[in-house]
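Protein sequence lines correspond, in order, to chains A and B.
Letter by letter, the first sequence follows residues 0 to 135 in numbering that gives the first Met the number 0.
Letter by letter, the second sequence follows residues 0 to 135 in numbering that gives the first Met the number 0.
Notes for the one structure printed next.
Protein chains: 2
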Amino acid sequence: MSEPGADFLDAVHWDARGLVPVIAQEDATGQVLMLAWMNREALAATVTQGVAVYWSRSRGRLWRKGEVSGHVQTVRELRLDCDGDTVLLRVEQHGGIACHTGRARCFFQRLTDDGWVSDEPVLKTPQSIYTDHDHA
Amino acid sequence: MSEPGADFLDAVHWDARGLVPVIAQEDATGQVLMLAWMNREALAATVTQGVAVYWSRSRGRLWRKGEVSGHVQTVRELRLDCDGDTVLLRVEQHGGIACHTGRARCFFQRLTDDGWVSDEPVLKTPQSIYTDHDHA
Numbered sequence: 000m001s002e003p004g005a006d007f008l009d010a011v012h013w014d015a016r017g018l019v020p021v022i023a024q025e026d027a028t029g030q031v032l033m034l035a036w037m038n039r040e041a042l043a044a045t046v047t048q049g050v051a052v053y054w055s056r057s058r059g060r061l062w063r064k065g066e067v068s069g070h071v072q073t074v075r076e077l078r079l080d081c082d083g084d085t086v087l088l089r090v091e092q093h094g095g096i097a098c099h100t101g102r103a104r105c106f107f108q109r110l111t112d113d114g115w116v117s118d119e120p121v122l123k124t125p126q127s128i129y130t131d132h133d134h135a
Numbered sequence: 000m001s002e003p004g005a006d007f008l009d010a011v012h013w014d015a016r017g018l019v020p021v022i023a024q025e026d027a028t029g030q031v032l033m034l035a036w037m038n039r040e041a042l043a044a045t046v047t048q049g050v051a052v053y054w055s056r057s058r059g060r061l062w063r064k065g066e067v068s069g070h071v072q073t074v075r076e077l078r079l080d081c082d083g084d085t086v087l088l089r090v091e092q093h094g095g096i097a098c099h100t101g102r103a104r105c106f107f108q109r110l111t112d113d114g115w116v117s118d119e120p121v122l123k124t125p126q127s128i129y130t131d132h133d134h135a
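What follows is the structure, given as structure tokens:
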């Protein structure tokens, strides 16, 4: 994607922390992979670099998704909702693993009569994904 | 769906406001329709009633999606992410309209070289959807 002017950043309704929630959806399958957060700098970097760059709330820094794991998300499309307060990314998920637990996506727990039950397989152990045990 | 015990509410990592972001995805198509928020009461009501009940941050009350518009969301599946801080609903979207603008979904703006551009049609005008001009 080439780059729109910086005005697109002003159209986003950043919350009190300067963040916006971002949904990553796998382009090929339509699977919802994860939800993360971006600040202005992260969204600008995502558009410039063409890969998902989030704001890590736990680490307080930009988080280039896949920087350790290699599980980079190439961005195919960015969308904004009616209120301007949520972003939707259509991505190509490299390695087929979005979750730091080694599963295809973060939403691997389904509500059943017995509560939340994990019903999706671990494709790769976190130990083999992370040399430094950093988060995805 | 029958009802799990109340413990499933404790597995959710509610934010400082007691809320969790909830992604609604259309079950039949995989389209991501919208993002909204729930508190404990809203999530409990969603499970009990089998339809999406959100917490309206703007109105400060429970918001039974479609209560005015009729655009109810029947819940087919509830999922929780790895960190327990995002919920994913698979829903049947009644009326085929999730957005209060009268579009199929809220993510109707796509980022282009000219900024965010609306590229999805208004299926029904808000005036004809809302008798009292309440939000969806």
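All residues carry an ideal CB built from backbone N, CA and C; glycine is no exception.
Keep in mind that this is a model prediction, so the values were computed, not measured.
Are the CB atoms of residue i and residue j nearer to each other than 7 Å?
i      : j     : result
R104/A : Q24/A : no
Does the Cβ of residue i have 16 or more other Cβ atoms within 10 Å, making it buried, or fewer, making it exposed?
i     : result
R78/B : buried
A15/B : exposed
H12/A : exposed
A41/A : buried
A27/B : exposed
G17/B : exposed
G65/B : buried
Q72/B : buried
For residue i and residue j, what's the separation of their Cα atoms in angstroms?
i      : j     : result
G114/B : T85/B : 28 Å
D106/B : D6/B  : Note that residue 106/B corresponds to Phe in the displayed sequence, not to Asp. Taking the straight line joining both Cα atoms gives about 33 Å.
R109/B : E91/B : 24 Å
H70/B  : P20/A : 24 Å
T111/A : Y53/B : 20 Å
P125/A : H93/A : 16 Å
V50/A  : L34/A : 15 Å
G4/B   : R39/B : 13 Å
G59/B  : R58/A : 31 Å
Can you find the residues in the same chain that come closer than 7 Å, C-beta to C-beta, to residue i, ignoring five residues on each side of it along the sequence?
i      : result
R56/B  : W36
E138/B : The displayed coordinates of chain B run from 0 to 135. Any statement about residue 138/B would go beyond what the structure contains.
I128/B : S68 and G101
L8/A   : R39, L42 and A43
Any C-beta of chain D sitting closer than 7 Å to the C-beta of residue i?
i     : result
L61/B : Absent here is chain D; the protein component of the structure consists of chains A and B.
Among residues of its own chain, excluding the 5 on either side of residue i, which ones have a beta-carbon nearer than 8 Å to its beta-carbon?
i      : result
A10/A  : L79 and G83
L122/A : G95, I96, G101, R102 and A103
How many whole angstroms separate the CB atoms of residue i and residue j, which I take to be in contact at a CB cut-off of 8 Å?
i     : j     : result
R89/B : R75/B : 5 Å
C81/B : C98/A : 5 Å
A44/A : L61/A : 7 Å
Quick one: what's got a C-beta closer than 6 Å to residue i's C-beta in the same chain, skipping five residues either side?
i      : result
E119/A : R102 and F107
S117/B : F107 and Q108
L87/B  : I22 and R78
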